[in-house]
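Quick note: the sequence shown, position 202, residue 914 per the working numbering, numbers continuous.
Ideal Cβ positions, reconstructed from N, Cα and C, are used throughout, including at glycine.
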Amino acid sequence: MSNMHRLIWFDQQIKNNRFPNRNHLSEKFEISIRQCQRDIDYLRNSLGAPLKYDNKRKGYYYEVKNYTLPNVYINEIQRAMLKFLAYRYGNFTQTPKVVELANLFNRLAQGEDYDDEIPIFDLDKPIVQCYYQVYNAMISKNKIDLFYKDAVKGKVKMKLSPYKLFYKCRVDHLIAYDDYEDEVICIRLDRIINLEVSKDKFSIPKDIKYKKYSSFINREPFVAKVLFHNGCNIEQEEGLNIEKEEGNVYCIEFFNIDEFINKLICTRAWDKIISPKWLKQKIENRCKEIILKIEDRENEE
């Protein structure tokens, strides 16, 4: 539920010279003192209310008498989007401007924390809905059951304890413990086919080191120039950035070498790898390996 109805009540109490405080707010709406303090901080820091505390009356008043509460209402879907933006910007290089934006989105999205209920948001982008299902499972310490599109194994079933979400190389990642494989893994959110939050609880080991499981991801993308027949038919998904140059030459940024080679091998639409040379060599080596395997099987028969 949004906190705006509480702020409207608090604002009205001030204008009626009743000097409300967080105890009054807690009694009125049956919420924790900590949540009440967050509401008051939001009113002061995000909505710009000129709040002052009167020690004698033990309550708040407006230092500027004509202050008017902004006509601001953020519904739960908008709040979800703002939190997602705060998370995304929080994972970029922390320049002053990026930090400012991340803090702004966080302030705008302030509201009640989720406890046991795991809401599913009907948002435009599936990745945002997936993010929030995982995020709320992390907060409530619930395991998640899902089907995942693995680059090598195909569709696999997983039961995970979600530890940490992070955004890197244009892809959202999750560090989690896999019950079936009995190990900590790092997966991509955009490859989750479907997901359900389990009633099973989990706890995060004290010795878990997130960097150990995320450091393998390259910071800067590889770049390939590829000549196609009549246009690039490689799907531009998360992690890939494709731009057309002269003629049918396309400049493609990618992070995972094996996955990109697999995409090229699976399509017949390209004519030539213009650059880099090491990519051409790797594709040639991969093809030789496949041919050797075929020849070995023929000899066995």
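Item, Value
"Beta-carbon proximity check, N818 vs A798, cutoff 8 Å", "yes"
"For D919, three-class secondary structure by DSSP", "coil"
"Cβ separation of L886 and I899, assumed to be a contact under 8 Å, to the nearest whole Å", "5 Å"
"Selected residue, minimal CA-CA separation from F966, among P874, L991, K984, D983", "L991"
"Residues bridged to K953 [DSSP beta-bridge criterion]", "A small fix is needed here, since residue 953 is Asn in this sequence, not Lys. Bridge partners of N953: E965."
"Spatial neighbours of R769 in its chain, beta-carbon cut-off 7 Å, leaving aside the 5 residues before and after", "F731"
"Cβ shell of E957 (< 8 Å), same chain only, five flanking positions each side left out", "K937, C963"
"Under the three-state DSSP convention, the category A981 falls into", "coil"
"Chain-order list of residues whose beta-carbon lies under 7 Å from that of Y765 (same chain, five-residue window excluded)", "Y772"
"Rounded straight-line distance, which links the Cα of K880 to that of P808", "19 Å"
"Spatial distance of D891 from N728 (CA atoms)", "57 Å"
"Length at least 4, wholly inside the region 744-803: the alpha helix (DSSP H) runs in chain order", "745-757, 788-802"
"Euclidean distance between Cα positions of F759 and L781", "This sequence places Leu at residue 759; Phe is not what is there. Roughly 7 Å between the two C-alpha positions."
"Inter-residue Cα distance where the pair is V883 and G802", "14 Å"
"A792 to K911 span [Cα, whole Å]", "23 Å"
"Which residues DSSP lists as bridging P874, in chain order", "A888"
"C-alpha distance - N715 paired with Q749, whole-angstrom precision", "12 Å"
"Range covered by the alpha helix (DSSP H) that runs through E739", "734-741"
"Unbroken alpha helix (DSSP H) run spanning N945, endpoints", "Taken as a continuous stretch (DSSP letters only), N945 belongs to no alpha helix (DSSP H), as it is neither H nor E."
"Rounded separation between L976 and F940 - CA only", "11 Å"
"Rounded C-alpha distance that separates R718 from D751", "8 Å"
"Boundaries of the alpha helix (DSSP H) in which N848 is found, first to last residue", "838-852"
"S915 versus K853 - alpha carbon distance", "7 Å"
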